[in-house]
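A.B. asks: What follows is a single structure, and I will ask about it in a moment.
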Amino acid sequence: MSNYSESEPQLPDDLPPEEHSMKKIKPRKARTAYEFFTQDKKVRQKLIKETPNVGFWEMCRFVREEWEKITEDQRIQYTRMAEDDRTREANEKQVYEEERRV
């Protein structure tokens, strides 16, 4: 998980206050259902417990295999999260484009 607010992008602290409002940061791209799955703590903990001493690429392979094993019903929660994230990106992108025109 990240250390930044998902609702507002963070600006660098070294900018003077008047430049904070002038500098606009592009919205983050929307994540996919698979990305939400890979970031799920339950999935990660399960894989780490089952395969404690594997490298990065092997862990990626195990995550992909787990993704392929789950049913469509289990994927629904990740698909909904991805849809919500696409909506967030579209809204942020619209605001970003409007602010750039000003």
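So the sequence shown is numbered by the working numbering: it starts at 335 and just counts up by one.
Even glycine gets a Cβ: it sits at the ideal position worked out from N, Cα and C.
1. Could you give the distance in angstroms between the alpha-carbon of Lys403 and the alpha-carbon of Val388?
2. Output the distance between the C-alpha atoms of Arg435 and Leu381, rounded to the nearest integer angstrom.
3. Here's a check: name, in chain order, each residue in its chain whose Cβ is nearer than 7 Å to the Cβ of Thr372, leaving out the five neighbours to either side.
4. So what's Ile359 in DSSP terms, helix, strand or just coil?
5. On the DSSP letters alone, give me the boundaries of the alpha helix (DSSP H) that Asn425 sits inside.
6. Which of helix, strand or coil does DSSP assign to Ala364?
7. Using C-beta distances below 6 Å, list every residue in its chain close to Asp419, excluding the 5 sequence neighbours before and after it, in chain order.
8. How many Å lie between Ala424 and Tyr412 at the Cα?
9. When you compare only the Cα positions, how much space is there between Pro361 and Val429?
C.D. replies: In this structure, then:
1. Position 69 of the sequence shown holds residue 403. Position 54 of the sequence shown holds residue 388. Between Lys403 and Val388, the C-alpha separation is close to 20 Å.
2. For this step, residue 435 is matched to residue 101 along the sequence shown. For this step, residue 381 is matched to residue 47 along the sequence shown. Approximately 47 Å between the Cα atoms of the pair.
3. One-based indexing of the sequence shown puts residue 372 at position 38. The answer, listed in chain order, is Val397.
4. For the purposes of this step, residue 359 is taken as the residue at position 25 of the sequence shown. Three-state DSSP puts Ile359 in coil, outside helix and strand.
5. Counting from one through the sequence shown, the residue named residue 425 turns up at place 91. Here the alpha helix (DSSP H) through Asn425 covers 406-435.
6. If you number the sequence shown from 1, residue 364 lands on position 30. If DSSP states are grouped into helix, strand and coil, Ala364 belongs with coil.
7. As a working note, residue 419 is residue 85 in the sequence shown. Hits under 6 Å: Ala364, Arg365.
8. As a position in the sequence shown, residue 424 is number 90, starting the count at 1. As a position in the sequence shown, residue 412 is number 78, starting the count at 1. Whole-angstrom Cα-Cα distance: 18 Å.
9. Within the sequence shown, the letter at position 27 stands for residue 361. Within the sequence shown, the letter at position 95 stands for residue 429. CA-to-CA, the gap between Pro361 and Val429 works out to about 9 Å.
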